Amino acid sequence: MERRRTSSPSVAASAADSGAAAVRLGEAGELPGTNPVNMAHVESPPETPAPRAKRGVPEGLWQKCEGCQGTIYRKDAEEILNVCPQCGFHWYVSAAQRIVQLCDEGTFEEWDANLRPTDPLGFRDKKPYAERLVAEQKRTGLSDAALTGTGMIRARRVACGVTDSSFIMGSMGSVVGERLTRLVERATAERLPLIIISASGGGARMHEGILSLMQMAKVSAALARYSQAGGLFISVLTNPTMGGVAASFASLGDLCFAEPRALIGFAGPRTIKATIRVELPKGFQTSEFLLEHGFIDRIVARKDLKSEIARAIDYCGG
Amino acid sequence: MSRGLHRLPLEKPIYEIEDRISALESAPLGAQQQEELRRLKREVVEVQKRIFGSLDPWQTVEVARHPDRPKTSDYLSLLFDEFVELHGDKSFGDDPAMLTGFAKLDRHKVLVIGHQKGKTLTERQACHFGCAHPEGYRKAMGKMRLAAKFGLPVICLIDTPGAYPGVGAEERGQAQVIAESMFLMATLPVPVVCTVIGEGGSGGALGIGVGDRVAILEHAYYSVISPEGCAGILWKSADHKAEAARALRMRSHDLKSFGVVDAVIEEPPGGAHRDPRQTASRLKNYLVRTLRELVAQPPAALVAGRYEKFRRMGKFLEPGAATA
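Chains as they are written, first to last, in the working numbering: chain A, 854 to 1171; chain B, 6 to 329.
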């Protein structure tokens, strides 16, 4: 199943760009020259809809599972919320699909959809950020990496936000920070339980420089106010949640749930390897690793997420 | 003035003139040599001003990392009348990369928190070159709570390449502690003044960076990612670090224009390492002036003002204005 590798060279290059962007929030010394394909395992969501050359097989019928490397009939996985029927690995789901999975049918109303990213630094690497944004928007159908709004979960009204790891690795720039901050502020004003599902391998978005870093403080400050007002925040960590996202709102839940076998951590595995120069322990930076070290409350399978969230809201008096 | 141990290539013209000055001074001086000496002394200041007035972004990073650049430990003695170190996070350990303690600044009793890089190789290794572990941030948070309880203003000195990336750091919750620290700082009911004195490396810097006022020394930097890290990811090679440093707009005046820092504290000609005393004196003036203004505010106003300060950060478009 090499279908995902058959894209044109230019597409492959841009996918690798954002693939690598994933690892990190930015600590010293990301290793140059390491194999970006490794990162694809971590960051590139299996379903990233990239244009690909057709080879006479109906598109997207089969998919390679990044958990067991098996070749899976995609419909089988889709029927169980994009989970591998063989090994139970939780595949990528888009922000829109998340909302469908999480909220009661037809109850979701999006907030702040009109916000649009801009290019405050005039940033350009191999490609100008402004062009990268347009390409990502076209490819994903999203305006930026987060979707926020209100909906019902088993008839309980909540404020909810999701990040989508396919949009520049789900990284947080000004729009993601602003949408989430407004979400938290509105949840505070309307006294709503708050659910944020993170899928952000990219941490704080490099292309918006220091302004991205400041979004971490902005969202965290809003969450501090929300908490003082007595609000319940349930943070759901999914594959992958790294860097500046892990080091801000994603870790600040009154309750932290994680989907099984998600990659969650601060520094990217490559950065750590380059710093300490030893092999990383097996299962390092997975949900199970975090549970063992005391940083998450429960590992929750995707099929149980909705009922687990509803139950937690009930316990906390929502 | 420390001199000569670590010479940056960009400082070469300065050292050349200084070598000529020392050569002249070592011999008895006639009238002509006196004149030459005066000329050289004027010239060395001019050359310093010229070089340090036109550093490119990568050179700024080199200056910010200069081994002779004054560190938190230097400022502890230069800024404060007294420093009483307080150790430990009451949970796991005492991270030498994060210094905390009581101090006296002018008429104010304060609590100081600062990244510590160390001076000698042994110290630098013990401090992981200024990269704090989770216990460092937990220590900082513990002392901030103490400051909040007893009404002490908090002074943070930021100088880190980033929070430590390692197995132990991840096991002990590096992401968790940085998040918690920002969360805590957002609501501290005491004045908080932060200054980036050297490297403002990403989340590790911001973890003690949520203040009522944030200042930066002229040749320090503050960035979402190190230029090497950014180059490695976006250019696929750390060789492009100079381009990355330029693209990231991480220098003091850029940060001021983005509204991320409130003040840029000018360094002496030739940089902070040429004259730590004068640098510290300018920083002290800023801190004293700022504290005087902040201690006059009631706690609720401080917290509200701090919220609004960070609330404004970011840049995006909002066509049609009203929310959906």
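Glycine included, every Cβ here is placed at the ideal spot set by N, Cα and C.
The structure displayed is predicted, hence computed values, not measured ones.
Cβ-based neighbour list, residue i, same chain, cut-off 7 Å, excluding 5 preceding and 5 following
{"i": "residue 133(B)", "result": "102 and 169"}
{"i": "residue 1040(A)", "result": "1012, 1047, 1079 and 1084"}
{"i": "residue 251(B)", "result": "62"}
{"i": "residue 226(B)", "result": "65, 66, 69, 204, 205, 255 and 256"}
{"i": "residue 25(B)", "result": "45"}
{"i": "residue 938(A)", "result": "925, 929 and 930"}
{"i": "residue 147(B)", "result": "94 and 95"}
Expected contact under 8 Å - CB spacing of residue i and residue j to nearest Å
{"i": "residue 188(B)", "j": "residue 1073(A)", "result": "5 Å"}
{"i": "residue 1112(A)", "j": "residue 1092(A)", "result": "7 Å"}
{"i": "residue 207(B)", "j": "residue 221(B)", "result": "The Cβ separation is near 15 Å, so there is no contact."}
{"i": "residue 274(B)", "j": "residue 46(B)", "result": "So it is not a contact: roughly 12 Å between Cβ atoms."}
{"i": "residue 177(B)", "j": "residue 140(B)", "result": "7 Å"}
{"i": "residue 815(A)", "j": "residue 962(A)", "result": "No answer is possible for residue 815(A): the residues shown for chain A start at 854 and end at 1171."}
{"i": "residue 82(B)", "j": "residue 145(B)", "result": "That belief does not hold up - the Cβ atoms of residue 82(B) and residue 145(B) are roughly 20 Å apart, past 8 Å."}
{"i": "residue 1045(A)", "j": "residue 964(A)", "result": "With a Cβ gap of about 11 Å, residue 1045(A) and residue 964(A) do not count as contacting."}
Reduced DSSP category for residue i - H, G, I as helix; E, B as strand; rest coil
{"i": "residue 236(B)", "result": "helix"}
{"i": "residue 256(B)", "result": "strand"}
{"i": "residue 18(B)", "result": "helix"}
{"i": "residue 113(B)", "result": "strand"}
{"i": "residue 1127(A)", "result": "helix"}
{"i": "residue 978(A)", "result": "coil"}
{"i": "residue 320(B)", "result": "coil"}
{"i": "residue 221(B)", "result": "strand"}
{"i": "residue 137(B)", "result": "coil"}
{"i": "residue 129(B)", "result": "helix"}
{"i": "residue 916(A)", "result": "strand"}
{"i": "residue 265(B)", "result": "coil"}
{"i": "residue 174(B)", "result": "helix"}
{"i": "residue 1105(A)", "result": "coil"}
{"i": "residue 59(B)", "result": "coil"}
{"i": "residue 1169(A)", "result": "coil"}
{"i": "residue 97(B)", "result": "coil"}
{"i": "residue 342(B)", "result": "With chain B running from 6 to 329 in the structure shown, residue 342(B) is simply not present."}
{"i": "residue 1110(A)", "result": "strand"}
{"i": "residue 1010(A)", "result": "strand"}
{"i": "residue 965(A)", "result": "coil"}
{"i": "residue 188(B)", "result": "helix"}
Within chain B, partners of residue i - CB distance below 8 Å
{"i": "residue 1146(A)", "result": "176, 177 and 178"}
{"i": "residue 1134(A)", "result": "172"}
{"i": "residue 979(A)", "result": "239 and 240"}
{"i": "residue 970(A)", "result": "321 and 322"}
{"i": "residue 994(A)", "result": "Here the premise fails: no neighbours, minimum Cβ distance about 17 Å."}
{"i": "residue 990(A)", "result": "Simply none; closest approach about 13 Å."}
{"i": "residue 1031(A)", "result": "319 and 321"}
{"i": "residue 1124(A)", "result": "170 and 234"}
{"i": "residue 1097(A)", "result": "207, 208 and 229"}
{"i": "residue 1119(A)", "result": "168, 170, 174, 175, 179, 180, 183 and 208"}
{"i": "residue 1078(A)", "result": "191, 192 and 312"}
Partner residues on chain A for residue i, Cβ-Cβ distance less than 8 Å
{"i": "residue 137(B)", "result": "None at all; the shortest Cβ gap to chain A is about 11 Å."}
{"i": "residue 316(B)", "result": "1034, 1071, 1074 and 1075"}
{"i": "residue 383(B)", "result": "Outside the displayed span of chain B (6 to 329) sits residue 383(B), for which this structure offers no information."}
Under 7 Å from the C-beta of residue i: neighbouring residues of chain A
{"i": "residue 229(B)", "result": "879, 1057, 1059, 1062, 1063, 1065 and 1066"}
{"i": "residue 184(B)", "result": "1073, 1100, 1101, 1104 and 1105"}
Closer than 9 Å at the beta carbon, the chain A residues around residue i
{"i": "residue 254(B)", "result": "973, 974, 975, 976, 1062 and 1063"}
{"i": "residue 263(B)", "result": "973, 974, 1062, 1063, 1064 and 1067"}
Residues near residue i in its chain [Cβ-Cβ closer than 8 Å; skip 5 each side]
{"i": "residue 936(A)", "result": "930, 942, 943, 944, 1154, 1155 and 1156"}
{"i": "residue 285(B)", "result": "75, 79, 80, 83 and 84"}
{"i": "residue 118(B)", "result": "103, 104, 105, 145, 148, 149, 159, 160, 161, 162 and 213"}
Chain B contact residues for residue i, given Cβ-Cβ distances below 7 Å
{"i": "residue 1128(A)", "result": "170 and 171"}
{"i": "residue 1138(A)", "result": "175"}
Within chain B, the residues that residue i reaches when beta carbons sit closer than 9 Å
{"i": "residue 1087(A)", "result": "What residue 1087(A) touches in chain B: nothing, since even the nearest Cβ is about 15 Å away."}
{"i": "residue 916(A)", "result": "Within chain B, no residue comes near residue 916(A); the closest Cβ sits about 27 Å away, beyond 9 Å."}
{"i": "residue 1028(A)", "result": "319, 321 and 322"}
Own chain partners of residue i with C-beta closer than 6 Å, once the 5 adjacent residues on each side are dropped
{"i": "residue 138(B)", "result": "100, 169 and 174"}
{"i": "residue 1020(A)", "result": "989, 993, 995 and 998"}
{"i": "residue 97(B)", "result": "140"}
{"i": "residue 1150(A)", "result": "1108 and 1109"}
{"i": "residue 885(A)", "result": "With a pLDDT of only 35 at residue 885(A), under the threshold of 50, the placement of this residue in the model should not be trusted; the figure read from the coordinates follows. Excluding sequence neighbours, residue 885(A) sits near nothing in its chain."}
Determine contact between the stretch 191-198 of chain B and the stretch 296-309 of chain B, defined as no fewer than three beta-carbon pairs at a distance below 8 Å. Enough Cβ pairs lie closer than 8 Å, so yes.
Quick check: the stretch 984-1001 of chain A against the stretch 14-31 of chain B, are at least 3 beta-carbon pairs closer than 8 Å? Touching, no, given that fewer than three Cβ pairs across the two stretches are closer than 8 Å.
Within 8 Å, do at least three Cβ pairs link the stretch 58-77 of chain B to the stretch 114-129 of chain B? Judged by Cβ distances under 8 Å, the stretch 114-129 of chain B makes contact with the stretch 58-77 of chain B, as three or more pairs qualify.
Three or more beta-carbon pairs under 8 Å between the stretch 1095-1103 of chain A and the stretch 159-167 of chain B, yes or no? By the Cβ criterion, the stretch 1095-1103 of chain A is not in contact with the stretch 159-167 of chain B, since fewer than three pairs of Cβ atoms, one from each stretch, lie closer than 8 Å.
For the 8 Å Cβ check, are there 3 or more pairs between the stretch 290-298 of chain B and the stretch 102-112 of chain B? Short answer: they touch.
So does the stretch 1107-1125 of chain A actually touch the stretch 1026-1037 of chain A, counting three or more Cβ pairs closer than 8 Å? Two segments are said to touch when three or more pairs of C-beta atoms, one from each, lie closer than 8 Å; by this definition the stretch 1107-1125 of chain A does not touch the stretch 1026-1037 of chain A.
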